Structures are given as C-alpha cells and as structure tokens.
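Residue numbers (my numbering): 8 to 214. Below you'll find the structure, written out as structure tokens, and then a few comments.
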C-alpha cells in the first residue's frame with residue numbers, strides 16, 4: 008500500500024513560511040550592511056558593525072524559532088530530514104521547500120512553473136528561434152534557495168550521469184544548473200507527496 012500523501016496544515020505551513028521569509032530578509036539586510044562597511048568612511052564603520060551584530064542576533068533568534076517549530080511539528084521535522092538527504096539540500100533550502108510545496112500542486116511540472124523553472128521556447132520569428140531559455144516568471148526568492156545547491160552539485164559533478172547527458176546535448180553551464188534546480192525540486196516534490204526516501208537511481212541521476 009502506498010503511504011498516505013503528506014497534507015500540510017495551512018496554519019502550520021504559513022507559520023513556517025513567514026519564518027523562512029523573514030530569515031531570508033534578515034540575511035539580505037546583513038549582507039547589504041557587510042558590503043556597505045567595506046567602503047564606508049571610518050566614522051560610520053562602528054554604526055554599521057553594530058547594525059550587523061544586531062541583525063546577526065536576530066538571525067540566530069529566528070533560527071531558534073525554526074527549531075522550536077520543528078519540535079512542535081514532528082511531521083514537518085520528519086519531512087525536513089527526508090529533504091536533507093537529497094544531495095545538496097541543506098537546512099535553509101529544506102525549510103523553503105517545506106513552506107512552499109503543498110497539495111495544491113498536482114504535478115512536479117506545476118510546482119516548477121510556480122518557481123519559474125519551467126523551460127520556455129522561443130517561437131519562430133524571434134531572435135533565438137527554437138532555443139530553450141528559462142522563464143522569468145515565478146518566485147525569484149524561491150529559485151535562489153535552489154541555486155546554491157544546484158551550483159555546488161554542478162561544480163562537484165554530484166550527478167555525473169545526469170550532468171553528462173546535458174553536456175552531451177551541448178547545454179551551456181547556466182542551463183545545466185537550472186536543470187539541476189528543476190531536478191532537485193522534482194525530487195523534493197515526489198518525496199513529500201509519496202512520503203518516500205531519497206534514491207538517486209529512481210530519478211535518473213545514475214548511469
């Protein structure tokens with residue numbers, strides 16, 4: 008018998024989503040202040056450093072709140088651990104995926120389109136007729152959560168068979184990374200939907 012499909016409760020998922028979004032916002036603010044400090048005049052550096060320290064403290068608090076959320080919601084904690092077994096998926100990406108993947112998506116293709124990871128082809132008569140490019144619609148913050156693990160997987164050749172097929176098809180590195188992002192998202196979707204464990208052979212990642 009197939010395991011019962013995971014049906015996250017909207018209120019719980021909204022809680023997780025708000026925490027992950029706020030954490031991402033704090034990290035962006037801290038990165039901006041860190042960049043500003045590099046070129047700031049000396050009389051501002053102390054103020055900027057204090058802001059960075061305050062943001063770091065808030066980031067740690069939100070991370071603690073996330074851990075408290077998982078402690079109070081064992082099913083989410085179990086699914087987080089499932090997602091973290093996927094090559095390249097860490098704590099942050101797992102939280103983003105858990106807060107986004109819901110039963111409203113019937114297929115992985117629908118989810119990929121929501122993330123803006125669906126391929127889009129130019130129509131005849133355009134400047135790059137027939138060449139695949141990536142749609143710019145969708146959620147850039149969601150894509151960002153997948154970009155780093157996909158880039159690392161590409162650099163480390165973590166999926167040699169999958170990446171090798173794309174290279175053999177003359178795909179440029181940028182599109183290969185996006186294809187890895189889409190593959191990681193597809194794997195996460197099926198793991199959560201079917202409550203299965205990660206298995207490279209199941210997703211065409213091995214020879």
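By construction, the Cβ of each residue, glycine as well, lies at the ideal position given by its N, Cα and C atoms. Since we're looking at a predicted model, the values are computed, not measured.
Proximity of the stretch 18–34 to the stretch 93–107 meets the contact definition, three or more beta-carbon pairs being nearer than 8 angstroms.
DSSP assignment within the stretch 9–56 yields the following whole alpha helix (DSSP H) runs of 4 residues or more, N-terminal first: 17–46. Close CB contacts of residue 198 within its chain, under the 6 angstroms cut and outside five residues either way in sequence, are with 89 (chain order).
Each of 24, 120, 62, 175 was checked against the Cα of residue 190, and the nearest Cα belongs to 120. Here the C-alpha atom of residue 169 lies approximately 25 angstroms from the C-alpha atom of residue 146. The Cβ atoms of residue 149 and residue 107 lie closer than 8 angstroms to each other.
Pairing residue 61 with residue 54, the inter-Cα distance amounts to about 11 angstroms.
Here residue 124 is not near residue 196, since their CB atoms are 8 angstroms or more apart.
If you draw a straight line from the Cα of residue 122 to the Cα of residue 47, it comes to about 36 angstroms. In the DSSP assignment, residue 147 falls within the alpha helix (DSSP H) that extends over 147–162. The Cβ atoms of residue 103 and residue 27 sit closer than 8 angstroms to each other. No Cβ-Cβ contact shorter than 8 angstroms links residue 41 with residue 66. Around the Cβ of residue 186, a 10 Å sphere holds 16 or more other Cβ atoms; the residue is buried.
The alpha-carbon of residue 204 is positioned some 8 angstroms away from that of residue 92.
In the structure shown, residue 166 adopts coil according to DSSP, grouped into three states.
When the alpha-carbon of residue 153 is set against those of 95, 79, 114, 110, the nearest one is in 95.
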